[in-house]
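In the numbering used here, the protein residues as written are 103 to 263. We treat Cβ as the ideally placed atom computed from N, Cα and C, and that holds for glycine.
As structure tokens, this is what we get:
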């Protein structure tokens with residue numbers, strides 16, 4: 103068994119150092135390994151290993167950014183929900199094919215008349231259209247409805263309204 107595989111299979115307990123790293127990354131996910139090492143006093147190698155291990159164990163799911171207030175965001179920026187009906191219940195297959203898309207914000211299997219909801223955010227409405235066309239060609243998708251987000255009232259995607 104390779105060292106990396108052995109590391110992944112070993113249970114990872116969150117240490118105070120891990121909590122500190124997580125807090126720093128929550129503040130700014132663009133911090134470099136060197137910056138994190140300097141702030142925490144932990145070696146760069148240890149910082150990298152801790153972050154890699156937390157990613158491997160699913161503690162860190164992704165690195166992301168928070169968007170500033172609306173007046174600082176390009177007005178052409180677009181977000182949309184795709185409401186999807188599948189030919190047969192294969193949500194896992196659809197998710198597997200889109201999980202690496204950088205525009206993907208969320209993906210849910212749901213009950214009722216629909217099978218899935220996918221949330222994306224892109225640099226423009228033209229990009230949303232491109233993503234919609236690409237997703238609609240997935241062989242498991244029977245039909246899809248697009249709901250463009252006009253305004254984020256809760257502020258979770260675009261900052262204070």
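Identify the continuous beta strand (DSSP E) that holds residue i and give its terminal residues.
i	result
residue 182	180-188
residue 161	Residue 161 -> no beta strand (DSSP E), and no H or E assigned at all.
residue 208	206-211
residue 243	243-250
How is residue i classed by DSSP in three states: helix, strand or coil?
i	result
residue 117	coil
residue 219	strand
residue 198	helix
Taking the continuous alpha helix (DSSP H) assigned at residue i, which residues delimit it?
i	result
residue 236	227-238
residue 138	135-142
Suppose the cutoff is 7 Å on Cβ atoms and the five residues either side in sequence are ignored; what does the same chain contact list for residue i look like?
i	result
residue 187	216, 217, 244 and 245
residue 135	146, 149 and 150
residue 166	131
residue 119	142, 144 and 152
residue 207	221, 222 and 223
Could you check if residue i belongs to the surroundings of the ligand MN, using beta carbon to heavy atom distance under 8 Å?
i	result
residue 230	Absence of the ligand MN is noted for the structure shown, with no ligands found whatsoever.
What whole-angstrom Cβ distance do residue i and residue j have, given they're in contact under 8 Å?
i	j	result
residue 220	residue 251	Incorrect: roughly 13 Å between the Cβ atoms, too far for contact.
residue 211	residue 193	4 Å
residue 234	residue 248	5 Å
residue 71	residue 184	The first residue shown for the chain is 103 and the last is 263, placing residue 71 beyond what the model contains.
residue 242	residue 163	The pair is not a contact, with the Cβ atoms about 24 Å apart (cut-off 8 Å).
residue 180	residue 116	37 Å between Cβ atoms; not a contact.
Enumerate in chain order the residues of its own chain whose CB-to-CB distance from residue i is below 8 Å, with the five nearest sequence positions on each side excluded.
i	result
residue 126	133, 138, 141 and 142
residue 203	222 and 233
residue 195	242
By Cβ distance below 6 Å, which residues in the same chain neighbour residue i in space, the five residues on each side in sequence not counted?
i	result
residue 209	197 and 220
residue 121	none
residue 227	180
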